[in-house]
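Worksheet: one structure, shown below.
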Amino acid sequence: MEHHNFDQSVMILNSCGNQILSNCTPDEYSRVISVLEDAILATDLAVYFRKRGGFFSMVKSKQCDLNREEVREQVRGMMMTVCDIAAITKPWPIQKQVAELVAGEFFEQGDIEK
């Protein structure tokens, strides 16, 4: 589902009236799209479980130098996972609505992949 979300994001960014990246240079555009893709794919729990050990080691060793791109990428990935999972802490009416939207998206993606 994460790949679908990324594809949809790029489609929206490239659709008429939504080209907020149109003034970027090709290198800037590629960088933004790469960060967007990494952030969205980080919400896949399989990715989280694969990367969490390295993240915890980095934090424990106090090697969190945010001037380093690989550190920013790790932190961004963990933050995306936290935000994704934290949805269940919202009040029930909001969580129910979010769950219905996610379930609808899930079934829609399943229909597309048939």
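Residue numbers for the sequence shown follow the numbering used here, so the first one is -13 and each next one is one higher.
Think of the CB as a built atom: it goes at the ideal place given N, C-alpha and C, for glycine as much as any other residue.
Contact between Ile19 and Asn(-9) does not hold, since the beta-carbon distance rounds to 14 angstroms and is not under 8 angstroms.
Under the three-pair Cβ rule at 8 angstroms, the segment 67 to 77 counts as touching the segment 28 to 42. Taking the C-beta atoms as reference points, Glu55 is found no nearer than 8 angstroms to Asp24.
In the DSSP assignment, Ile26 falls within the alpha helix (DSSP H) that extends over Pro12 to Leu27.
Taking 8 angstroms as the cut-off, the Cβ atoms of Met(-13) and Phe93 do not count as close. Here DSSP, grouped into helix, strand and coil, assigns Arg38 to helix. The Cβ neighbour count for Ala28, taken over all protein chains shown within 10 Å, is at least 16; the residue is labelled buried.
Note on geometry: alpha-carbon atoms of Ile(-2) and Ile6 lie some 10 angstroms from one another. Excluding five sequence positions before and after Ala73, the CB atoms of its chain that fall closer than 8 angstroms to its own CB belong to Gln81 and Val84, given in chain order. For Leu87, the enclosing alpha helix (DSSP H) starts and ends at Trp78 to Glu99.
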